[in-house]
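Visitor: A single structure is presented below for examination.
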Amino acid sequence: MDQRTPVRSAAPATLLLALLTLATACTTDTGGVRGTPGAAGLRDPYFPRLGNGGYDVTHYDLTLAVDAGSGLLRGTAEITARATQDLSAFNLDLAGLDVGSVTVEGRPAAVNRAGSELTLRPDNEVEDRLRKGRTFRTVVRYSGAPRTFTDADGSKEGWVRTGRGSVALGEPTGSMAWFPGNHHPSDKASYDIRVTVPEGWSAVSNGELASRRTAGRRTTFHWRTREPMASYLATVAVGRYTVKQSATGDGMPVLTAVDPAAVSASAAVLGRIPEVLRWAEQTFGPYPFASAGAIVGLSKDSDYALETQNRPFFPGPPDIGLLVHELAHQWFGNSVTPESWQDMWLNEGFATYAEWLWNEEHEGVPVRDSFDAAYENDANWAFPPGDPPSAAELSGPPVYGRGAMVVHRIRQRMGDDEAFFALVRGWLKAHRHGNASTEDFTAYVEKESGLDLTGLWDTWLNGRSRPARG
Ligand code: TRP
Ligand code: ZN
């Protein structure tokens, strides 16, 4: 967000006075004009304070150590960001944890904390390195017991306990429980994540394993994610895992990490990852990342799966439908990411539709039957999928079931499957590794299909009541 110094229009004398005051207030020791503070939030419709204005993160370099016994975390976050305004100060989101030293461009910065907002005021010496367009580096050292959040809908996220370890689950806001940053889905970045754990334990994260070193009875895993990732999709699973490396038919690495107690019950479904990816590529286009896999933990606090990038997390052995859903999210959500949390139906509607397609092709359940079942389910009509009444309903049934119905109605209106699937692939290609909103989607569909779909949006997407089935 742009926060400008307010200058009101005024009579000439007052204006002169105002300009003089302004000039004094905005002149640094070096004579430049001072920047303004970045906004404390990005005005997300559901989480107005989530994320921060005035900069874009390009890279997170996280160095973490997890103590097995206490679960305490010690971390260093090196954040590389580009200023989108002349900055005098800026915020990071961080919930809980103790903040030690903070530097910006190598110089100690003043830190103020209020709730989950960390305000950093860089040293005057480096202020011109935070001018609009410049790239600057922030280093935050922190430690403590990371929090488990309870969301408005009662589910747990953040730092979640598993068997004898933990897993970081960040949708929609939990990533601020384990590293400071710009935790809105609109600010995607690449990541290096290094995690040190006791020897014999694993730390499994996103992307590819760059190195693994054991020294002094501790092992450091270094994971690297080059493609942009929204922070809610970042994860670290710490514990005893059975790690298996394989590859798809095309030679893309597949890495699974499974709680030893879940290995035999997971093996058959996880063995189908290459098959599901191949099917999804034929349906949705190229897989957007350099590696794939899954993490199966035995979650104590949560019972949901999450499409963490490259390697979705499952709270126990998944069935094939759930695997298809989470792998479909790698295209819908992870590569093409919601612009705000209001656009989340684009993730869940398409991931649900992927299940319907899979079930038709592999289980003999026609998409029409899935559509009909969703249509008959009253829970899917509680609210329009792109307008959950509150954060508590963000992942409510309409976001999934009615979202998928919207997709199917588009296909029916187009009346040409080849054109429909080409449109879906085109949508993914147009926003690959980016963000997109509901408005982007409806405009894209109308433009590519050449259809006026006002009626469809007014009823199936935005209508308050259940339309005639048609
Ligand atoms: N995205 C997850 C899935 O579909 C579900 C989920 C987990 C979720 N946590 C959430 C959805 C928080 C919305 C908000 O598999
Ligand atoms: Zn989902």
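Read left to right, the sequence shown gives residues 166 to 635 (this note's numbering). Every residue gets a Cβ at the ideal spot worked out from N, C-alpha and C, and that includes glycine.
In this structure, does DSSP put ASN289 in helix, strand or coil?
Guide: DSSP places ASN289 in helix when its eight states are reduced to three.
Visitor: Considering only their Cβ atoms, is the gap separating TRP625 from PRO632 smaller than 8 Å?
Guide: Cβ distance < 8 Å, so PRO632 and TRP625 count as in contact.
Visitor: Need the endpoints of the beta strand (DSSP E) that LEU374 sits in, please.
Guide: Segment 373-380, the beta strand (DSSP E) holding LEU374.
Visitor: For the stretch 338-349 against the stretch 377-388, do three or more pairs of beta-carbon atoms, one drawn from each stretch, fall closer than 8 Å, so that the two count as touching?
Guide: No contact exists between the stretch 338-349 and the stretch 377-388.
Visitor: How would you label THR379, buried or exposed, when you count the other beta carbons within 10 angstroms and need 16 or more for buried?
Guide: Its Cβ having fewer than 16 others within 10 Å, THR379 is exposed.
Visitor: Are the beta-carbon atoms of GLY203 and GLY219 separated by less than 8 Å?
Guide: Yes, the Cβ-Cβ distance between GLY203 and GLY219 is below 8 Å.
Visitor: Just list the residues that DSSP pairs GLY599 with in beta bridges.
Guide: Answer is VAL501, bridged to GLY599.
Visitor: State the Cα-Cα distance for the pair THR192 and GLY200, rounded to the nearest angstrom.
Guide: Here the model assigns THR192 a pLDDT of 44, short of 50, so the residue's position is not dependable, and the following value carries that caveat. Straight-line Cα distance between these residues: approximately 10 Å.
Visitor: Helix, strand or coil: which one does DSSP assign to GLY620?
Guide: Note: GLY620 maps to helix in three-state DSSP.
Visitor: Within 10 Å of its beta-carbon, does ASN545 have 16 or more other beta-carbons around it, so buried, or fewer, so exposed?
Guide: Result: buried.
Visitor: From the DSSP secondary-structure annotation, give me the bridge partner or partners of ASP410.
Guide: Looking at the sequence provided, one finds Gln at residue 410 rather than Asp. Paired residue(s): LEU420.
Visitor: Assuming VAL304 contacts LEU285 under a Cβ cut-off of 8 Å, what Cβ separation, rounded to an integer in Å, is found between them?
Guide: Not confirmed; about 11 Å, so no contact.
Visitor: Check whether the stretch 507-520 touches the stretch 561-578, taking contact to mean three or more Cβ pairs, one atom from each stretch, closer than 8 Å.
Guide: Segments in contact, yes.
Visitor: Under 5 Å from any heavy atom of the ligand ZN, by CB: list those residues in chain order, please.
Guide: Any residue whose Cβ sits closer than 5 Å to a heavy atom of the ligand ZN makes the list: GLU513 and ALA516.
Visitor: How many angstroms separate the CA atom of PHE454 from the CA atom of ASP415?
Guide: Roughly 13 Å between the two C-alpha positions.
Visitor: Would you kindly work out how many angstroms separate the C-alpha atoms of ALA188 and GLU290, rounded to a whole number?
Guide: Its pLDDT being 43, under 50, ALA188 is placed unreliably in this model, and the value from its coordinates should be taken loosely. Each residue's Cα considered, the two are about 19 Å apart.
Visitor: What residues match up with GLY323 in a beta bridge as DSSP calls it?
Guide: Its beta-bridge partners are THR313 and LEU334.
Visitor: DSSP beta-bridge partners for HIS224?
Guide: Paired residues: THR245 and SER355.
Visitor: Give the range of the alpha helix (DSSP H) segment to which HIS573 is assigned.
Guide: 568-579 is the span of the alpha helix (DSSP H), which, as asked, contains HIS573.
Visitor: Candidates SER235, ALA333, LEU237 and THR241: which alpha carbon is nearest THR228's?
Guide: Cα-wise, what sits closest to THR228 is THR241.
Visitor: In chain order, what residues of the same chain have a beta carbon less than 8 Å from the beta carbon of VAL536, not counting five sequence neighbours either side?
Guide: Note on identity: in this sequence residue 536 is Phe, with Val being the wrong assignment. Contacts found: TRP521, ALA569, MET570 and HIS573.
Visitor: In the DSSP assignment, find the alpha helix (DSSP H) that holds ARG443 and state where it starts and stops.
Guide: 438-449 is the span of the alpha helix (DSSP H), which, as asked, contains ARG443.
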